[in-house]
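One structure is given here, and the rest of the page talks about it.
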Amino acid sequence: MDNGELKMMDFHHSYPLFILKSPLIMQVSYRKATLDDLEELVRLRIEFLREVQPAETHQYSEEQLSGSLRDYLSRAMQADEFVAWLAIYDNEIVATSGLCFFQITPGFTLIDGKIAYILNIYTLRQWRGKGVGKETFNQILQEAINRGYKRISLHASDAGRPVYEKFGFRLTGDEMELRLP
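Counting from 10, one number per residue, gives the positions in the sequence shown under my numbering.
Pasting the structure below:
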């Protein structure tokens with residue numbers, strides 16, 4: 010699967026929320042995650058990663074990853090460096106999203122150096138294609154916009170790219186990565 014990075018730059022206005030017409034979908038509620046959701050966020054992140062990363066590429070056990078996720082999410086949520094939005098139906102989380110905030114050295118194209126990074130857009134299989142993931146994504150995007158971020162990035166699968174493009178994201182090809190053991 011080809012994963013490219015999509016970036017949204019100079020995003021000065023918000024897009025309207027998607028209109029969800031199904032009676033079932035209208036019963037879905039959306040809220041920001043709290044530390045009380047920590048175990049569910051860990052579980053759903055691992056479930057997401059099982060789907061997108063082949064087992065043979067895993068370098069750590071699920072137990073190791075669970076501990077690392079708990080530590081990171083607890084610290085980052087308390088420091089307001091990470092936010093997750095949840096879609097909930099009948100007291101069950103059916104979709105989630107994550108948003109990390111960081112800063113790089115300011116430059117001519119990003120005077121404050123602030124970047125919001127969207128990740129872990131995940132919808133349970135039985136809820137896919139119903140608009141829940143799009144609405145969850147919209148909530149996380151609005152979170153970044155409301156905080157004044159002008160550069161918002163994410164990695165997209167081939168399947169996800171058209172959805173993100175509808176929100177104004179564009180593919181960029183100017184970044185490289187080095188992964189060390």
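Every residue gets a Cβ at the ideal spot worked out from N, C-alpha and C, and that includes glycine.
Look at Gln112 here: in three-state DSSP terms it is strand. Burial is judged here by how many other beta carbons sit within 10 angstroms of a residue's own beta carbon; Ile149 has at least 16 and is buried. Boundaries around Arg170 are those of the alpha helix (DSSP H), Arg170 to Lys175, since no beta strand (DSSP E) includes it. A direct Cα-Cα distance of roughly 25 Å separates Glu60 from Gly182. When C-alpha distances from Asn129 are compared across Gly122, Gly142 and Leu180, the shortest belongs to Gly142. Under the DSSP definition of a beta bridge, Trp94 partners with Lys41 and Ser106.
Note on geometry: alpha-carbon atoms of Phe91 and Tyr158 lie some 14 Å from one another. Here Tyr126 carries a strand assignment [DSSP, helix/strand/coil]. In the structure shown, Leu119 adopts extended strand secondary structure according to DSSP, grouped into three states. Your pair Gln112 and Gly122 checks out as a contact, with CB atoms roughly 5 Å apart and the cut at 8 Å. Under the DSSP assignment, Thr145 falls in the alpha helix (DSSP H) whose first and last residues are Val141 to Asn155. As DSSP reads the structure, Tyr131 sits in a beta bridge with Thr105. Spanning the alpha carbons of Ala168 and Gly140 requires a straight line of approximately 15 Å. If you draw a straight line from the Cα of Leu189 to the Cα of Tyr69, it is about 14 Å long. When DSSP states are grouped into helix, strand and coil, Ser83 belongs to the helix group.
With fewer than 16 other Cβ atoms inside 10 Å of its own Cβ, Ile120 counts as exposed.
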